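Residue numbering for the sequence shown is 67 to 383, as defined by our numbering. Glycine residues also receive a C-beta, built at the ideal position from the N, C-alpha and C atoms. What you are looking at is a predicted structure, and each value in this text was computed from that prediction instead of being measured. Worksheet: one structure, shown below.
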Amino acid sequence: MTTPKNQVDTWQGKHILKLRDYKEPTSIEELNSDELRNVVEPWLTALFQSEHLALLAGAGISSAVHYLATGSAGAGMCKMEISEYTDELTNVVEESAKKAGRGEANIEDEIRTLNELIRGLEILTSLGTREKIEVKLESLKKDLEKGITNFANSVLESERNIVTCERDEPAEYLMNFLLSFASRIATRERLDLFTTNYDRIIEFGAELAGLHLIDRFVGSISPIFRSSRLNIDIHYNPPGIRGEPRYLEGVVNFTKLHGSLDWIERNNTVRRFSLPYGAENIKNYSLDGSLMIYPNSSKDRETAEYPYVELFRDFAS
67 MTTPKNQVDT WQGKHILKLR DYKEPTSIEE LNSDELRNVV EPWLTALFQS EHLALLAGAG
127 ISSAVHYLAT GSAGAGMCKM EISEYTDELT NVVEESAKKA GRGEANIEDE IRTLNELIRG
187 LEILTSLGTR EKIEVKLESL KKDLEKGITN FANSVLESER NIVTCERDEP AEYLMNFLLS
247 FASRIATRER LDLFTTNYDR IIEFGAELAG LHLIDRFVGS ISPIFRSSRL NIDIHYNPPG
307 IRGEPRYLEG VVNFTKLHGS LDWIERNNTV RRFSLPYGAE NIKNYSLDGS LMIYPNSSKD
367 RETAEYPYVE LFRDFAS
């Protein structure tokens, strides 16, 4: 279904509901939990019985849990401070966001554009251009590193606000939400859970709920991202029964499409490093390397596509 742009513009800042029987998304003027439950619950109940079930979660789940914990939505897409080519970058960033249909530009547009500019300046310096460009190049690299670090720390602050909340309500809502989708009967395939979030709100909720998340990382000390898709699952042998392993309940296939705060690329290997939930400063835990939050990929084309191309292949399948 193709939606006219002017209609999309009218949805900005509003609550939208789209169910299977709806021909197009519907704007909700007044939120009424009882009315919404009567419409959504039967649809979800039928949907949960599907052979294949996938859930795509975004920033809304983090904002909702943070709101329950603190009364505010939490970390947003803050803008970076750029010291060189400021006006030129601003124009390109805004044009990029406009082409993507998002309206106002955010830090993702800035990171993407700044990476492209840095790569262009690196090519110029390799050709023996003036020293002035090299100075600007180094300045832009520092701006990029500082901007990503500040953004990561703002997300960690939101995690910290959630984990230090004294009330049980935020955690209970999060656990119940995840369990509603993850509780699959043994004859159905596992839930495929995808998220565009950089934070670890889903990992946090899954740990509280006792869910097992299966992703592409292998290892215990410093897990490594594996490009090959292994059909790994978790089974158990019921007491007194031999040769009939059964699915363990509460197992989910998990994919972080845009990377994560605790992923780092180092020596052409993507690893997950130990980062406490809600840590004070990411610099105290991350090793030298490139923090893997999309689109902060390495320079060459091959690494720029890895590991995101593998993750989106999972999503496409």
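* **Continuous beta strand (DSSP E) assignments of at least 3 residues falling wholly in the region 232 to 267** => Correct list: 257 to 261.
* In whole angstroms, what is the alpha-carbon distance linking Ser224 and Phe260? -> In this structure, the alpha-carbon of Ser224 lies about 20 Å from that of Phe260.
* Tyr313 - DSSP class collapsed to helix/strand/coil -> In the structure shown, Tyr313 sits in a strand (DSSP, three-state: E or B).
* If you pair each beta-carbon of the region 109 to 129 with each one of the region 250 to 259, do three or more pairs fall below 8 Å? -> Contact annotation: the region 109 to 129 touches the region 250 to 259, with at least three C-beta pairs closer than 8 Å.
* Secondary structure of Phe114, DSSP reduced to three states -> Coil at Phe114, not helix or strand.
* To do: Whole angstroms is fine: what's the gap from Ala130's alpha carbon to Glu238's?
  => Using only the alpha carbons, I get a separation of about 12 Å.
* To do: Mind the definition here: the region 211 to 230 touches the region 98 to 118 only if three or more C-beta pairs lie below 8 Å; say whether that holds.
  => Three or more Cβ pairs closer than 8 Å define a contact, and the region 211 to 230 falls short of that threshold against the region 98 to 118.
* To do: Could you round the C-beta distance between Ile199 and Leu190 to whole angstroms and report it? I think they count as a contact, below 8 Å.
  => The beta-carbon separation of Ile199 and Leu190, rounded to 6 Å, stays under the 8 Å limit for a contact.
* Opposing strand residues paired with Phe378 [DSSP bridges] -> Per DSSP, none; premise fails for Phe378.
* Could you check which residue in Lys164, Glu147, Thr335 has the C-alpha nearest to that of Gly213? => Selected option, being the one with the closest Cα: Glu147.
* **Cα-Cα separation, Gly309 to Thr253** => Answer to the nearest angstrom: the Cα atoms are 18 Å apart.
* According to the Cβ coordinates, are Lys202 and Glu150 closer than 7 Å? -> Less than 7 Å separates the beta-carbon of Lys202 from that of Glu150.
* **CA-to-CA distance, Asn303 to Leu323, given in whole angstroms** => When only Cα atoms are considered, Leu323 and Asn303 end up about 34 Å apart.
* **Contacting residues, own chain, Cβ-Cβ under 7 Å from Thr68 (five flanking each side not counted)** => Low local confidence applies: a pLDDT of 48 at Thr68 is under 50, so the model's placement there is unreliable, with the coordinate-based value given in what follows. Closer than 7 Å at Cβ, skipping near neighbours: no residue.
* To do: Please look up how many angstroms separate the CB atoms of Val105 and Leu85, rounded, as I've assumed it's under 8 Å.
  => With a Cβ gap of about 7 Å, Val105 and Leu85 count as contacting.
* Assign Lys165 to one of three DSSP states: helix, strand, or coil. => Correct three-state label for Lys165: helix.
* To do: Could you tell me the boundaries of the beta strand (DSSP E) in which Ala171 lies?
  => It is not in any beta strand (DSSP E) - Ala171 carries neither H nor E in the DSSP assignment.
* Give every residue of the same chain whose Cβ lies closer than 6 Å to the Cβ of Ala218, excluding the five residues on either side of it in the sequence, and list them in chain order. => Cβ within range, chain order: Leu327, Ile348.
* Take Asp366 and list the residues in its own chain whose beta-carbon comes closer than 6 Å to its own, dropping the five residues that flank it on each side. => Residue placement at Asp366 cannot be trusted, given a pLDDT of 42 that sits under 50; what the coordinates show is reported in the next sentence. Taking Asp366 as the centre and dropping the five residues before and after it, the same chain places no C-beta closer than 6 Å to its C-beta.
* To do: Sort out for me which residues DSSP pairs Phe291 with in a bridge.
  => Phe291 is bridged to Phe283.
* For Ala163, I'd like the list of residues in its chain whose CB is within less than 8 Å of its CB, leaving aside the five on either flank, ordered along the chain. => Once the five neighbours on either side are set aside, the close Cβ partners of Ala163 are Gly169, Glu170, Ala171, Asn172, Asp175.
* Asked: How many Å lie between Val375 and Arg337 at the Cα?
  -> Each residue's alpha carbon lies about 16 Å from the other.
* Name the one or two DSSP bridge partners that Ile82 has. => DSSP output for Ile82 lists Ser93 as bridge partner(s).
* Asked: By the 10 Å Cβ neighbour count, where 16 or more other Cβ atoms means buried, how is Leu113 classified, buried or exposed?
  -> For Leu113, the number of other beta carbons within 10 angstroms of its own is below 16, and it is reported as exposed.
* Asked: By how many angstroms is the C-alpha of Ile82 removed from the C-alpha of Leu102?
  -> It is roughly 12 Å from the alpha-carbon of Leu102 to the alpha-carbon of Ile82.
* **7 Å Cβ shell around Ala345 - same chain, five flanking residues per side excluded** => Leu222, Tyr351, listed in sequence order.
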